[in-house]
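> Residue numbering for the sequence shown follows the working numbering, beginning at 13 and increasing consecutively. All residues carry an ideal CB built from backbone N, CA and C; glycine is no exception. What follows is a single structure, and I will ask about it in a moment.
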Amino acid sequence: MTVIPFVISVVALLFEIYGVSTVSALSSVARMDFGGMLSSAYNLQNIESMKIPFIILFLAHISYLIVAILFMRMDKKGESVNSTKFEKGTENLIKKLQTFARDPKGKKTWIGIVSVCAVVLVGCVGFGLYNMFKKTPLDLVSDVQVTFSGYDGEGSATIEGTADYDHTNADITSFIYGVTYEVENNGELSNGDEVTITANYSKETANSLKLDVTKASKTIEVEGLEEVYRTWDDLSKEDQKTVLDRTYDKVMKKAKDTTYQYFGKETITVNSLNQIAAYYTYAKGSGEGSLKLIYKADITSTYDGDTVNHVEYYMATASGLKPTKDGIGKISVDVSYLYSQDDSEQEAIEDAEDYRVDAEDKIDIEK
C-alpha cells in the first residue's frame, strides 16, 4: 500500500521537474531557489500568481516522499506501523519539548526558532505578494530608431526596431509585435520641426501581463529632409538672377530667330524685350519648382528695303528648379510664341491665365 503511491509520486515529481527548463531549472532546484526554478517553468512561466501555490505543492510533494520512504524502511525492518506507536512517540516528543522549554536555554532557543520561522514566513508571504503584484517596467520608445525621408515640408518618418524586452517570454513578444507607432504630422514634416512619436498599445494586455509602460512617447527634431524651392523667395538672390538671365537669353534668341517673310532673307532687330508677368509653381511629390515668365518684344524686321515694326509676346518656362550641392543646378528653359501685336499687354496676360497658367500663382519679380 506504500510502494504504489510512492512510485506514482516519483513519476509525478519527475514530470514537475521536466516542466522546468533543463540546466537552469535543475541548478535552481539544487540551490533551493524556487523563484529561479519557476522563472524557467515551461507551463507556468507567464503565470506569476501561481508561484506560491506551486512552491507549497512542491514542498508538500517532497515531504510526502520523505514520509513514504520512512514508512517503507519501517516496513522493510518488520516494524509495525500503527496509531498506538505514533501516539506514544508523539507523547514522548511532547514531553521532551516541554522539558526543554522549561529550561532557560531552551526558552531562548525556542524564542530564536519562533523568531526565525516568523521572519521566514513573513519573508515568504511578502515575496509572494511582491511577485503577485509587481510589474515589469517597459519603455516602448527609447530604443526605436526614427529616420526621415522626402522633401522639406512634405517629409515622412519611418520607425525601425522595437523596445528592449524579455525575448524568452512569448506573450510579451506577441504584445510587442502588436505595438504600432504614430508620428505627428507624418507626411508634412519640415526640417527643424519638433514632432512627437507615440506608441499605441493595448493597456488591457499590458495589465494582464503585468507590464508597467514607463514611456510611450518621445519628442524628436526633424532633420535630413531634402531642401526644395517651395516659393520663388526660397531661391537665393544669386540663383534668382541665374534663372532670369537664362530665360531672358532664351527668349531673346527665339525673338531673333523669328521669321516673318517666306520668300527671302530678312533682318530682325529686337529693340526691347521686357518681362510683363511671372508665375511660380511647386510640384509636390517631385520637389521641383517652375517659373513661367511672359515677355513683350518690340521687333523691327527689314526685307527687300521694307521695314516693319512688330510687338510680339512669348512665354518662357524655367523648370527643374531644385537645390543641389552645387547651387541651382541644371535648369530646363522652354520658350513658346504667345501672341501677336494685335493684343495689348493685359490681353496677353489674361489669355495666358485662361489657358496656360494659374492666376493664383502670379508673383512679383523685379523687372
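In whole angstroms, give me the CA-to-CA distance for THR243 and TYR349.
Translated into the one-based positions of the sequence shown, residue 243 becomes position 231. Translated into the one-based positions of the sequence shown, residue 349 becomes position 337. So the two alpha carbons sit approximately 26 Å from each other.
> Helix, strand or coil for SER186 per DSSP?
Taking the sequence shown and counting its residues from 1, the one referred to as residue 186 is at position 174. Correct three-state label for SER186: helix.
> Measuring CB atoms only, is the region 263 to 271 touching the region 234 to 253, in the sense that at least three cross pairs come out at less than 8 Å?
The region 263 to 271, when compared against the region 234 to 253, does not touch it at the 8 Å Cβ threshold.
> Look at the Cβ atom of ASN203, then the Cβ atom of GLU235, and state whether they are nearer than 8 Å.
Position 191 of the sequence shown, counted from the first residue, corresponds to residue 203. Position 223 of the sequence shown, counted from the first residue, corresponds to residue 235. Yes. Within cutoff.
> Could you check the C-alpha separation between VAL240 and GLY332 for me, to the nearest Å?
The residue given as residue 240 occupies position 228 in the sequence shown. The residue given as residue 332 occupies position 320 in the sequence shown. Cα-Cα distance, rounded: 11 Å.
> Since ILE377 and GLN287 should fall inside the 8 Å C-beta cutoff, what is the C-beta to C-beta distance between them, to a whole number of angstroms?
Position 365 of the sequence shown holds residue 377. Position 275 of the sequence shown holds residue 287. Going by Cβ atoms, the distance from ILE377 to GLN287 rounds to 7 Å, so yes, they are a contact pair.
> One question on the structure: do GLY301 and TYR294 come within less than 8 Å of each other, judged by their Cβ atoms?
By 1-based counting over the sequence shown, the position of residue 301 is 289. By 1-based counting over the sequence shown, the position of residue 294 is 282. Closer than 8 Å, so yes.
> From ASP318 to GLU357, what distance separates their C-alpha atoms?
Translated into the one-based positions of the sequence shown, residue 318 becomes position 306. Translated into the one-based positions of the sequence shown, residue 357 becomes position 345. Between ASP318 and GLU357, the C-alpha separation is close to 27 Å.
> Do PHE187 and THR159 have their C-beta atoms within less than 8 Å of each other?
By one-based count along the sequence shown, residue 187 stands at place 175. By one-based count along the sequence shown, residue 159 stands at place 147. Not closer than 8 Å, so no.
> Could you pull out every residue in the same chain whose Cβ sits closer than 7 Å to the Cβ of ASP178, ignoring the five residues on either side in sequence?
As a first step, residue 178 must be located in the sequence shown, where it is residue number 166. If we look at ASP178 and ignore the five residues flanking it on each side, its Cβ neighbours are ILE184.
> If we ignore side chains and look at the alpha-carbon of each, how far apart do TYR291 and LEU305 end up?
By 1-based counting over the sequence shown, the position of residue 291 is 279. By 1-based counting over the sequence shown, the position of residue 305 is 293. Answer to the nearest angstrom: the Cα atoms are 7 Å apart.
> Quick check: the Cα distance between SER33 and THR210, rounded to an integer number of angstroms?
For this step, residue 33 is matched to residue 21 along the sequence shown. For this step, residue 210 is matched to residue 198 along the sequence shown. Low local confidence applies: a pLDDT of 46 at SER33 is under 50, so the model's placement there is unreliable, with the coordinate-based value given in what follows. If you take the alpha carbons of SER33 and THR210, they lie about 37 Å apart.
> Anyone know if the C-beta pair for ILE441 and ALA289 falls short of 8 Å?
Residue 441 falls outside the range modelled here, since the chain spans only 13 to 379, and no answer is possible.
> Sort out for me which residues DSSP pairs PHE160 with in a bridge.
By one-based count along the sequence shown, residue 160 stands at place 148. PHE160 is bridged to ALA169.
> Within 10 angstroms of the Cβ of ALA228, are there 16 or more other Cβ atoms? Answer buried if so, exposed if not.
Position 216 of the sequence shown, counted from the first residue, corresponds to residue 228. By the neighbour-count rule (16 or more Cβ atoms within 10 Å), ALA228 is buried.
> One question on the structure: do THR259 and VAL345 come within less than 8 Å of each other, judged by their Cβ atoms?
Position 247 of the sequence shown holds residue 259. Position 333 of the sequence shown holds residue 345. Yes, the Cβ-Cβ distance between THR259 and VAL345 is below 8 Å.
> Using CA atoms only, rank isn't needed, just tell me which of THR281, GLN157, VAL225 is closest to LYS147.
Along the sequence shown, one-based indexing puts residue 147 at 135. Nearest of THR281, GLN157, VAL225 to LYS147, Cα basis: VAL225.
> Rounded to whole angstroms, what is the Cα-Cα separation between ASP205 and GLU233?
Locating residue 205 in the sequence shown gives position 193, counting from the first residue. Locating residue 233 in the sequence shown gives position 221, counting from the first residue. Approximately 6 Å, taken between the alpha carbons.
> Is it true that the CB of GLU196 sits closer than 8 Å to the CB of MET208?
In the sequence shown, residue 208 corresponds to position 196, counting from 1. In the sequence shown, residue 196 corresponds to position 184, counting from 1. The amino acid occupying residue 208 in the given sequence is Thr; Met does not appear at that position. Yes, the Cβ-Cβ distance between THR208 and GLU196 is below 8 Å.
> Rounded to whole angstroms, what is the Cα-Cα separation between TYR213 and THR180?
The residue given as residue 213 occupies position 201 in the sequence shown. The residue given as residue 180 occupies position 168 in the sequence shown. Cα-Cα distance, rounded: 20 Å.
> Against chain C, does GLY190 count as a neighbour if the rule is that its beta carbon must be under 8 Å from one of theirs?
Annotation note: the requested chain C is absent from the structure, which comprises a single protein chain.
> What number of angstroms, rounded off, separates the C-alpha of ILE81 from the C-alpha of ASP176?
Stepping through the sequence shown from its first residue, residue 81 is reached at position 69. Stepping through the sequence shown from its first residue, residue 176 is reached at position 164. Cα to Cα, the separation comes out at about 49 Å.
> For VAL347, which option in ASP366, GLY165, TYR326, PRO335 has the closest C-alpha, if you only look at C-alpha atoms?
The residue you call residue 347 lines up with position 335 of the sequence shown. Among ASP366, GLY165, TYR326, PRO335, the Cα nearest to that of VAL347 belongs to TYR326.
> Are the CB atoms of THR174 and VAL156 within a distance shorter than 8 Å?
Here residue 156 refers to the residue found at position 144 of the sequence shown. Here residue 174 refers to the residue found at position 162 of the sequence shown. It is a contact, given that the beta carbons lie within the stated cut-off.
> In the structure shown, what three-state DSSP assignment does TYR294 receive?
Residue mapping note: residue 294 aligns to position 282 of the sequence shown, counting from 1. If DSSP states are grouped into helix, strand and coil, TYR294 belongs with the strands.
> Is it right to say GLY167 is buried, meaning 16 or more other beta carbons lie within 10 angstroms of its own, or is it exposed?
Counting from 1 along the sequence shown, the entry for residue 167 is found at position 155. So GLY167 counts as buried.
> Cα separation between THR281 and GLY162?
The residue labelled residue 281 in the question sits at position 269 within the sequence shown. The residue labelled residue 162 in the question sits at position 150 within the sequence shown. Each residue's alpha carbon lies about 48 Å from the other.
> CB LEU150 to CB LEU256, shorter than 8 Å?
As a position in the sequence shown, residue 150 is number 138, starting the count at 1. As a position in the sequence shown, residue 256 is number 244, starting the count at 1. No.
> Which complete alpha helix (DSSP H) runs does the region 253 to 334 hold, if anything under 4 residues is left out?
Listed in chain order, there is nothing to give.
> Using the C-alpha atoms, what's the distance from ASP310 back to ASP316?
Stepping through the sequence shown from its first residue, residue 316 is reached at position 304. Stepping through the sequence shown from its first residue, residue 310 is reached at position 298. Taking the straight line joining both Cα atoms gives about 20 Å.
> Hey, how far is the Cα of VAL369 from the Cα of ASP363?
Numbered from 1 along the sequence shown, position 357 holds the residue referred to as residue 369. Numbered from 1 along the sequence shown, position 351 holds the residue referred to as residue 363. Their backbone Cα atoms lie some 9 Å apart in a straight line.
> Please tell me whether, using a cut-off of 7 Å, the distance from the CB of GLU300 to the nearest non-hydrogen atom of the ligand ADP is below it.
Only the bare structure without any ligand can be found here, which leaves the ligand ADP out of the picture.
> For GLY299, collect the residues of the same chain with a Cβ closer than 7 Å to its Cβ; drop the 5 residues on either side in sequence, then sort them by chain order.
Residue numbering aside, residue 299 sits at position 287 when the sequence shown is read from its first letter. The residues are TYR163, GLU238, VAL240, LYS334.
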